[in-house]
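In order, the protein sequence lines correspond to chains A and B.
Heads up, the first sequence is in my numbering, so the first residue is 1 and it goes up one at a time.
Heads up, the second sequence is in my numbering, so the first residue is 1001 and it goes up one at a time.
Even glycine gets a Cβ: it sits at the ideal position worked out from N, Cα and C.
In this text, all values refer to a predicted model and were calculated from it rather than measured experimentally.
Data block below; observations after.
2 protein chains.
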Amino acid sequence: MTALPQPTILGKSLVRDLSALLGAGSVSAEPADLWASSRDCWPRTLLWTKAGRAPHPPDAVAWPRDVAQVQAIVRYAAEQGVALIPFGAGSGVCGGTVAVRGGIALDLKRLAGAPRVDLAARTVDAGAGLNGQRLEELLNAAGGTLGHFPSSIYCSTVGGWLAARSAGQLSSRYGKIEDMVLSVQAVDGTGALLQTIDGPSGGPDLTQLIVGSEGTLAVITGARLRIWPRPTGRWLRGVIFKSTARGLHALHQLMRSGLRPAVLRLYDPLDTLMAGKSGGAALHVPIPGALKALFGKGQREALRLALRAPMLMNRLVNALPGSSLLILGFEGEGEAGVEDARAEGEEALRLCREAGGDDQGSAPGERWLANRYKVSYRQSPLFSAGAFVDTMEVATTWDRLERLYLAVRRAVEGHAFVLAHFSHAYLEGCSIYFTFVGPGGQSTDESSAALGPLARPAQRAEAEREARAAESRYEACWRAALSAVCDEGATLSHHHGVGLAKQVFLPREHGEGMRQLRALKKAFDPKGILNPGKLLL
Amino acid sequence: MTALPQPTILGKSLVRDLSALLGAGSVSAEPADLWASSRDCWPRTLLWTKAGRAPHPPDAVAWPRDVAQVQAIVRYAAEQGVALIPFGAGSGVCGGTVAVRGGIALDLKRLAGAPRVDLAARTVDAGAGLNGQRLEELLNAAGGTLGHFPSSIYCSTVGGWLAARSAGQLSSRYGKIEDMVLSVQAVDGTGALLQTIDGPSGGPDLTQLIVGSEGTLAVITGARLRIWPRPTGRWLRGVIFKSTARGLHALHQLMRSGLRPAVLRLYDPLDTLMAGKSGGAALHVPIPGALKALFGKGQREALRLALRAPMLMNRLVNALPGSSLLILGFEGEGEAGVEDARAEGEEALRLCREAGGDDQGSAPGERWLANRYKVSYRQSPLFSAGAFVDTMEVATTWDRLERLYLAVRRAVEGHAFVLAHFSHAYLEGCSIYFTFVGPGGQSTDESSAALGPLARPAQRAEAEREARAAESRYEACWRAALSAVCDEGATLSHHHGVGLAKQVFLPREHGEGMRQLRALKKAFDPKGILNPGKLLL
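And the structure:
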């Protein structure tokens, strides 16, 4: 049972002042609101929840209705020296919106008026708080698509995408959010409104400076994004390669061929095997189910087996036959959409065959499509089963990709059971999406009770010790993984952002650039009120 | 005759100190060196030369041999508070490398060691001082191409391209330099070396912050750029449209079709007519020759006619039948390169026909190719003939493009004779490349003599008055043009950079962003030594 955060003195004065500024119903210091804003989907916050803690609540939550209200709040916060944490839909998985110094959670979901869709110009102007799926549906109704399909699409916003450099499942065709954004509107730490130009800029590119800044430089309030006609044709296929290396070679060739694959996901042998053993019903089966399928035991028993000795498990997997499944998809527009998608697909298939690939027909692709958003909603039960599960998406150039994959597996093998797929390929490289399943702690049902208000002191102390141990195991796994990533010279975040999860490794990526980041921070946010304690700022 | 700049006291001490720092032969305060570094290809500097002036010489020129020497010079300059103006090959046309507060011209041409070409990874690591044509030849020898062909390629450098957001003639296929750059190496105003990551960045994109900063934030010392296999096939064509509007429609359709045109240049009616009347020998005929062809008179007489009454001339041109010529080209790679280029070309031609285009065969395209670098070297004679000629490349979205074209023509019609082409098309819009030919002053042969050391005072005073009048006519033309650009919400520089020519209009493009630019300046260059007085910094 979670102890909800209690209202603070600061919280009460924030409610009073911000109510006067914004009107009634625009601010709250109610425990449930503070709790909801004290976490995102960072698995570590689930561990906190398990341990009955909300260690970093904000003092208040504010819901501005328009840009002018955002400016008013920022000016107020700058004057008072109160932290402001921009918050979209809370789907981040790195703790980027978790307050670390209290302050105001600036929930932007009300900046979600009807987007201005201009299909002729192929642009949409959208508010930062607009929900991703809602935006896509509105675009579809107008005959368009953004082409942006993060697995969080049902619970993420335009502003969050931009703040954390989101990538959708079709990014190889449509690009990442930073490729789609034509201009942004943002309020900096002094309350000034920035509007960047929707074309090549004279001087440095201020749009690309704000994208990825995770709320530390400015509060994104809206953006103009590139849209496309809604595709009329789709072609999907599964191709099996004898090894991950062969599959990667095919991926690389495909990206260089001039073809424009929409879906391009290569599963490593374990991920591939799970898909096969689970009856081919879905690639993204819930992990306990997959383990059950793999080892032919009860779900919980299979999981316990996997968690007890992750090193052994990982080595066992290394010894398995190494088939890798590629999901390959193309889209086409207009009258010839079906034919175009098919023609590009057939050409891609030819390249895959040349690289040793074995055509599996369309079924694996269709299965992927049907289940593509499910994975993100199926991690929580694992925590209840006493495990932790987390994902890490990193990226590097083609020549370093397989080495990076092996290095991370090696680094993590003693901490967690590892599976991975390669996706979001781009011209020079590709992202690797690792999933770690590790021992999180004892079964939660008991430990939650032990942490509840009715627990005896000795029982509670033991449970707390276990919760801390679980957190430190989780942290050791991450540290090992990110060290390996940095050692290989790879990017430590491809599309989840940096947040609290990865920031201590940021200096290994940017070197002297960290000094520039700090200087930028001072420039955009002289009072240091915007999402303090993130990006090491 | 030009009065060469004389060595200053500061210059002498710079030579002494920098010689000690860098070794002999690395620094000079010789008048000829100062003069050469006091100008670039900004037409206004030609007017200065005509008027026998070098109003903004640096005090010294330094040629660092490596990055460590660049760092040493920057640290020295920061300590002494001396301005540093990064200088590549001096091909800029906006005065971006013209010193305005004296100081050290930092000539980077010695940072031009053998580039590291990695065709397998499709990257090249090049020093900032490497000449463009030299780089392309080295890449060609290795089987690659950068795909970057600015008309300045013979007299520009990698560092200059990045500093000013260069675009090459095939940018619709290969992108602008900011699309090709994977990472940069740069020395900031404190002497610290920045090395950005060659992949998607965690946090804000520092690469895109340095690109386009025109030497005001950091001295670019090298970059990793994307390369391509050298094309094996090429397909070129000319297509005539009945009006510019129809041609623009075709351009837009082509960019949206998914085809990847390499060359895509639409000439406005006057530019088209000149090409036709001059016997079709070249699109980029020297302008006096074109006027002669157009009006059937002697070159100089034709030019005088055009310059005496630009308004009348522009209106006359408006009344001419409005054919617009499109040069269209495709490239293909590998074994099927010839066939791929042809197939894409034929498909493009089909789209052009649908848009009302009339196929002119391959000759116009081949002529364009043969003459594509000539235009930039043919402006100087016009100045000698008593005219000024200048170019302005702006950009905007497709829906605003024709209005922008008409607005600039209207704004400039009283000042200069205007021709234009549309090129560097991208998904959302296109650049317009205007050429202005206006009355620069009396015939230069006489006025130069009048400004020489042997001239009588009255004669000299008259000549100086005339030179000043010419400069102010030139300035009035630019002001009118850029005002119109900003009124239409267009980008004021697509690929020439901002420099001294355009900076006063920068606040109209960036608004509140100017405050951010100033803050960035303070962050990267706390002593304000890097190219001071540019980007209004």
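- Note that the C-beta distance between ALA1126 (chain B) and LEU1206 (chain B) is not below 8 angstroms.
- Assignment of GLN1195 (chain B) by DSSP, reduced to helix, strand and coil, places it in the strand class.
- For PHE1422 (chain B), not one C-beta of chain A is nearer than 8 angstroms to its own C-beta.
- Taking the C-beta atoms as reference points, LEU369 (chain A) is found nearer than 8 angstroms to LEU236 (chain A).
- For the pair of segments examined, the region 1213-1227 of chain B was found to touch the region 1080-1091 of chain B: the number of CB pairs separated by less than 8 angstroms reaches three.
- Per DSSP, the unbroken alpha helix (DSSP H) holding TRP1368 (chain B) starts and ends at 1363-1370.
- Around PRO1269 (chain B), no beta-carbon contact reaches into chain A at under 8 angstroms, the shortest distance being about 25 angstroms.
- Looking at A:ALA523, A:THR397, A:PHE417, the one whose alpha-carbon comes closest to that of GLU488 (chain A) is A:THR397.
- TYR1405 (chain B) sits in a helix when the DSSP states are folded into three classes.
- Take PRO150 (chain A), set aside five residues on each side of it, and the residues of its chain with a beta-carbon closer than 8 angstroms to its own are GLY132, SER156, TRP161, SER166, ALA167, GLY168, GLN169, HIS495, in chain order.
- A straight-line Cα-Cα distance of about 55 angstroms links PRO1229 (chain B) and ARG1465 (chain B).
- In the displayed model, ASN531 (chain A) falls within coil according to three-state DSSP, outside both helix and strand.
- For PHE1388 (chain B), the enclosing beta strand (DSSP E) starts and ends at 1387-1397.
- Bounds of any alpha helix (DSSP H) do not take in HIS1421 (chain B); it lies within the beta strand (DSSP E) bounded by 1417-1423.
- At a cut-off of 8 angstroms between beta carbons, THR491 (chain A) contacts chain B.
- Cβ-Cβ distances below 8 angstroms link ALA1341 (chain B) to PRO1231, GLY1233, ARG1234, TRP1235, PHE1330, GLU1331, GLY1332 in the same chain, with the five nearest sequence neighbours on each side left out; the list follows chain order.
- Interface flag for TRP235 (chain A) against chain B is unset, since no Cβ pair is found closer than 8 angstroms.
- ASP1359 (chain B) is bridged by DSSP to B:VAL1239.
- For ALA1062 (chain B) against SER1091 (chain B), the beta-carbon gap comes to about 20 angstroms, at or over 8 angstroms, which does not count as contact.
- Listed along the chain, the chain A residues whose CB falls inside 7 angstroms of the CB of SER1201 (chain B) are GLY212, THR491.
- Assignment of ILE227 (chain A) by DSSP, reduced to helix, strand and coil, places it in the coil class.
- With respect to the 8 angstroms criterion, LYS1534 (chain B) and GLU1178 (chain B) are not classified as neighbours on the basis of their beta carbons.
- Taking 8 angstroms as the cut-off between beta carbons, the residues of the region 396-419 of chain A near chain B are THR396, THR397, TRP398, ASP399, in sequence order.
- Along the region 459-488 of chain A, the beta strand (DSSP E) does not occur as any fully enclosed run of 3 or more residues.
- Chain order gives the chain B residues near THR196 (chain A) as GLY1513, where near means a beta carbon separation below 7 angstroms.
- Listed in chain order, the non-local C-beta contacts of TRP35 (chain A) below 6 angstroms within the same chain comprise LEU4, PRO5, ALA54, local neighbours out to five positions each way being set aside.
- With respect to chain A, the C-beta atom of GLU1346 (chain B) has no partner C-beta closer than 8 angstroms.
- Contiguous alpha helix (DSSP H) elements confined to the region 1096-1164 of chain B occur at 1132-1141, 1158-1164, taking only those with 4 or more residues.
- Three or more beta-carbon pairs drawn from the region 1235-1249 of chain B and the region 1356-1374 of chain B are found closer than 8 angstroms, and the two stretches are therefore classed as touching.
- Taking all protein chains shown into account, VAL117 (chain A) has 16 or more neighbouring C-beta atoms within 10 Å of its C-beta and is therefore buried.
- Neighbours of VAL498 (chain A) across chain B, judged by C-beta separation under 9 angstroms: GLY1202, GLY1203.
- The three-state secondary structure of SER183 (chain A), taken from DSSP, is strand.
- In the three-state reduction of the DSSP assignment, ALA1024 (chain B) falls in the coil class.
- In the three-state reduction of the DSSP assignment, ALA1072 (chain B) falls in the helix class, which pools H, G and I.
- The Cβ-Cβ distance between THR45 (chain A) and GLY95 (chain A) falls below 8 angstroms.
- The C-beta separation of CYS477 (chain A) from ARG508 (chain A) comes to about 18 angstroms, leaving the pair out of contact by the 8 angstroms criterion.
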